[in-house]
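Enquirer: Okay, handing you the structure first.
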Amino acid sequence: MNINGDIHYMRDYPSPNPNVKLAEITYWSEGLKVKGLLATPLQNPKSEGILYLRGGIQNVGMVRPARITQLAANGFVVFAPYYRGVRGGEGKDMFAGEDRFDAVNAVEVLKRFCDSERIHLFAFSRGGLMALWTGIIRNDITSIVTWGGVSNIEYTYEERVDMRRMMKRVFGGSPMTNPSAYEERTPLDRIKEINASVLIIHGMKDDNVSFKHAELLEERLKELNKRVETWYYPEFTHYFPGVANRNVLRGACQWMKLQ
1 MNINGDIHYM RDYPSPNPNV KLAEITYWSE GLKVKGLLAT PLQNPKSEGI
51 LYLRGGIQNV GMVRPARITQ LAANGFVVFA PYYRGVRGGE GKDMFAGEDR
101 FDAVNAVEVL KRFCDSERIH LFAFSRGGLM ALWTGIIRND ITSIVTWGGV
151 SNIEYTYEER VDMRRMMKRV FGGSPMTNPS AYEERTPLDR IKEINASVLI
201 IHGMKDDNVS FKHAELLEER LKELNKRVET WYYPEFTHYF PGVANRNVLR
251 GACQWMKLQ
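For reference, each letter of the sequence shown is one residue, going 1 to 259 in my numbering.
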């Protein structure tokens with residue numbers, strides 16, 4: 001019997017940082033073999049854990065070794081699921097449909113390599129949905145960082161004309177013709193089930209995931225008296241420039257350690 005989060009296969013993976021070890025892991029998620037990348041800092045191999053939840057869909061927005069080694073170098077063990085149907089993983093990426101359980105179950109993988117019960121979620125773009133659902137479904141998450149994160153999938157349909165064809169295909173229609181597919185992917189009605197602290201990072205000039213995703217999430221969390229902090233940047237888009245990106249990432253890592 002295959003148990004969610006069990007490891008099926010593990011292999012070494014080339015690391016861009018000599019102080020961080022990488023391994024590609026195939027794990028079980030809802031009966032499917034799904035892949036992800038594990039980053040372990042060599043100097044502190046039993047640190048707190050970060051589950052890094054990527055953006056995009058399928059091979060677009062794929063996990064970058066440089067990004068997760070950056071996080072690991074700040075003193076965390078990091079696991080980044082690719083999501084199902086990617087790079088030989090079984091199943092099909094449904095953009096925060098049943099594939100949300102690939103994130104939920106990846107926490108079990110991460111816990112095998114941590115010496116701490118403190119597990120953080122660090123999400124980018126579409127990963128924001130995955131992180132919010134993981135925080136809703138699990139009760140063992142310490143904090144959630146959502147950076148340029150999606151909070152309402154209908155907003156994405158309205159804003160991203162270039163993604164509408166994909167969304168209609170994956171969701172089985174538009175918000176008008178199949179509203180339930182959009183409602184079931186949007187976590188806002190169940191935000192009250194999140195117990196973790198939340199940090200929202202967003203560029204106010206973001207054209208990929210508009211600033212109103214951040215505003216809506218902040219408003220909902222505050223209505224429910226949840227622990228929420230916001231870092232908004234009027235000058236930035238979806239992608240922060242190099243130095244600012246590194247500084248914000250470093251600050252977010254410090255924030256997670258304080259939760």
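Heads up, the beta-carbon is just placed ideally off N, CA and C, and yes, glycines get one too.
#1: Are PHE124 and SER29 close, meaning C-beta to C-beta below 8 Å?
#2: For a minimum of 3 consecutive residues, which ranges assigned as the beta strand (DSSP E) are wholly contained in the region 178-244?
#3: Taking only three categories from DSSP, how would you classify PRO175?
#4: Which partner residues of THR40 appear in the DSSP bridge assignment?
#5: Distance, Cα to Cα, ASN2 vs LYS257?
#6: With a cut-off of 8 Å on the beta carbons, I'd call LEU51 and ALA39 a contact; round off their distance for me.
#7: What is the rounded straight-line gap between the Cα of GLU108 and the Cα of VAL78?
#8: Measure the Cβ-Cβ separation of VAL34 and ARG84 and say whether it is below 8 Å.
#9: Sort LYS205, ARG126, MET163 by Cα distance to PRO187 and report the nearest one.
#10: Along the chain, where does the beta strand (DSSP E) containing THR146 start, and where does it finish?
#11: How long is the line joining the alpha carbons of ASN178 and SER47, rounded to whole angstroms?
#12: With H, G and I counted as helix, E and B as strand and the rest as coil, what does DSSP make of MET62?
#13: Using the Cα positions of LEU224 and ILE7, report the straight-line distance between them to the nearest angstrom.
#14: Could you tell me the boundaries of the alpha helix (DSSP H) in which MET130 lies?
#15: Where DSSP assigns a beta bridge to HIS120, which residues make up the other side?
#16: Taking GLY251 as the reference, give the member of TYR9, ARG185, THR230 with the closest Cα.
#17: Going by DSSP, which residues form a beta bridge with PRO81?
#18: Are the Cβ atoms of GLY135 and VAL209 separated by less than 8 Å?
#19: In terms of DSSP beta bridges, what is ASP12 paired with?
#20: Distance check for LYS212 and LYS205, CA to CA, integer angstroms please.
Expert: On the basis of the data shown:
#1: The count along the sequence shown starts at 1 and reaches residue 124 at position 124. The count along the sequence shown starts at 1 and reaches residue 29 at position 29. Judged by beta-carbon spacing, SER29 lies beyond the 8 Å limit of PHE124, meaning their Cβ atoms are not closer than that value.
#2: Taken in chain order, the unbroken stretches of beta strand (DSSP E) that lie wholly in the region 178-244 and span 3 residues or more are 197-203, 228-233.
#3: Here the question's residue 175 lines up with position 175 in the sequence shown. Reduced to three states, the DSSP call for PRO175 is coil.
#4: Along the sequence shown, one-based indexing puts residue 40 at 40. For THR40, DSSP records a beta bridge to LYS21.
#5: Here the question's residue 2 lines up with position 2 in the sequence shown. Here the question's residue 257 lines up with position 257 in the sequence shown. For the pair ASN2 and LYS257, the Cα-to-Cα distance works out to about 33 Å.
#6: Within the sequence shown, residue 51 is the residue found at index 51, counting from 1. Within the sequence shown, residue 39 is the residue found at index 39, counting from 1. Wrong, their Cβ atoms sit about 12 Å apart, outside the cutoff.
#7: Numbered from its first residue, the sequence shown carries residue 108 at position 108. Numbered from its first residue, the sequence shown carries residue 78 at position 78. Roughly 12 Å between the two C-alpha positions.
#8: The count along the sequence shown starts at 1 and reaches residue 34 at position 34. The count along the sequence shown starts at 1 and reaches residue 84 at position 84. Going by C-beta atoms, VAL34 is nearer than 8 Å to ARG84.
#9: For the purposes of this step, residue 187 is identified with residue 187 of the sequence shown, where counting begins at 1. Out of LYS205, ARG126, MET163, ARG126 has the C-alpha closest to the C-alpha of PRO187.
#10: In the sequence shown, the residue the question calls residue 146 occupies position 146. Unbroken beta strand (DSSP E) run through THR146: 143-147.
#11: Looking up residue 178 in the sequence shown gives position 178. Looking up residue 47 in the sequence shown gives position 47. Annotation: ASN178 to SER47 spans about 44 Å, alpha carbon to alpha carbon.
#12: Position 62 of the sequence shown holds residue 62. Residue state, collapsed to three classes: coil.
#13: The sequence position of residue 224 within the sequence shown is 224, counting from 1. The sequence position of residue 7 within the sequence shown is 7, counting from 1. Rounded to the nearest angstrom, the gap between the Cα atoms of LEU224 and ILE7 is 37 Å.
#14: Reading the sequence shown from its first residue, position 130 is the one you call residue 130. If you look at MET130, you'll find it in the alpha helix (DSSP H) that goes 127-137.
#15: As a first step, residue 120 must be located in the sequence shown, where it is residue number 120. Answer is ILE50, SER143.
#16: As a first step, residue 251 is located in the sequence shown; it is residue number 251 there, counting from the start. The candidate whose alpha carbon is nearest that of GLY251 is THR230.
#17: Stepping through the sequence shown from its first residue, residue 81 is reached at position 81. Answer is GLY36, bridged to PRO81.
#18: Locating residue 135 in the sequence shown gives position 135, where the first residue counts as 1. Locating residue 209 in the sequence shown gives position 209, where the first residue counts as 1. Taking 8 Å as the Cβ cut-off, GLY135 and VAL209 do not qualify as a contacting pair.
#19: Sequence index remark: in the sequence shown, residue 12 carries index 12 (1-based). Paired residue(s): ALA23.
#20: One-based indexing of the sequence shown puts residue 205 at position 205. One-based indexing of the sequence shown puts residue 212 at position 212. Each residue's alpha carbon lies about 11 Å from the other.
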